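Structure, as structure tokens:
In my numbering, the protein residues as written are 211 to 622.
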């Protein structure tokens, strides 16, 4: 367990953050020396090149995650699959809109001041290696949606196979290139922020924001289970009381996929009020497409980071568009640590206009609480499975139909 923690992405990001802050504080007092100035120039240049690399990968990540997800769901869209997809999307978008409303209500009272006195200026990049992306973020999104839908409608097996293979390639790029460089990018970013004096003066605000987000998780879970209980006519506490082991496992693994076996056992203990066929069908599916806790976290964080770094909150129209699209990205995001924010980097830069400082800060603070967002995702799957149970009973859907849907879900 210790080896697993010390080799995990959150630990590496945290280590990069701490080293970056420490180096920035050292450079703040020694930047006038030859060695200090040289190190600062290296850090600034490395930050620029690494951010260019991440920006190049963003359209590839969008296409690799979104298009295959659409073909998988669209090609086998039975009635129960469509219902599951809709309620997962509504839950994620609802969580994002809830976080947006909370952001506009709470954040103005937290004294987030971007205009901190006495900040230093970071030197210009010494060597600018530009790596332009192959297409814009919105072009990649629309390309993914159109190709995915068209391939599903036409039952294009060859295109679907190519997209599946491309997703494996993109996952390899993320695993072997993007994730290993993230700690260095974050270390360089926090080094410059620490050198300027921004991050050290804003640390208490970060801690308060994380606590608020965790409270938001519990509020959203309460709402989800209340709605599920009202719709199905069953007691939601009969399900929620069994989800303790899954919640703890999700906190430890930070992965919906890794928690799946425990979540299935917890849901099976809730039969009834859950139907067994709904457990076999819904829990594995929702582990991959229902990320309400991660979406809620990311939405609240982007508002805080926008105010902290750029001095303004995103416009309401921008946030609504961001929330609607984030729900789509959440369905296509992998159920692995940081999957949601990695898949939606294009939205953060394309819709909200974040630069490399903003994206690096988002990646870091998201990773610091990702375990609790994952726990919210996993626990919320029980509520959605209860909604599926209510839907199946209200529409007289027998277990044979849902067994077929579960088989299809296992195949995809």
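Built from N, CA and C at the ideal position, the CB exists for glycine as well.
Predicted model only: the values in this text are computed from it and were never measured.
{"Item": "Secondary structure of residue 362, DSSP reduced to three states", "Value": "helix"}
{"Item": "Distance between residue 485 and residue 308 (C-alpha atoms, nearest Å)", "Value": "30 Å"}
{"Item": "Segment limits, alpha helix (DSSP H) that includes residue 377", "Value": "367-383"}
{"Item": "Element boundaries [alpha helix (DSSP H), containing residue 496]", "Value": "486-499"}
{"Item": "Per-residue DSSP class, three states only, for residue 606", "Value": "coil"}
{"Item": "Exposed unless 16 or more other CB atoms sit within 10 angstroms - verdict on residue 257", "Value": "buried"}
{"Item": "Distance between residue 398 and residue 574 (C-alpha atoms, nearest Å)", "Value": "12 Å"}
{"Item": "Alpha-carbon to alpha-carbon, residue 602 and residue 521", "Value": "49 Å"}
{"Item": "Contact set for residue 416: own chain, Cβ-Cβ below 7 Å, skip 5 residues either direction", "Value": "575"}
{"Item": "Residue 430, buried or exposed, once every other Cβ within 10 Å from all chains shown has been counted against 16", "Value": "buried"}
{"Item": "Close-in-space but distant-in-sequence residues of the same chain around residue 456 (CB under 7 Å, 5 per side omitted)", "Value": "469, 472, 473, 476, 588, 589"}
{"Item": "Contact the segment 526-537 vs the segment 288-305: 3+ CB pairs below 8 Å", "Value": "yes"}
{"Item": "Beta-carbon spacing of residue 442, residue 600 below 7 Å", "Value": "yes"}
{"Item": "Contact set for residue 349: own chain, Cβ-Cβ below 6 Å, skip 5 residues either direction", "Value": "none"}
{"Item": "Residue span of the alpha helix (DSSP H) that contains residue 449, given as start and end", "Value": "447-450"}
{"Item": "Beta-carbon proximity list for residue 301, same chain, < 7 Å, skipping 5 on both sides", "Value": "434, 500, 502, 590, 594"}
{"Item": "Nearest neighbour of residue 338, chosen from 419, 260, 560 [CA to CA]", "Value": "260"}
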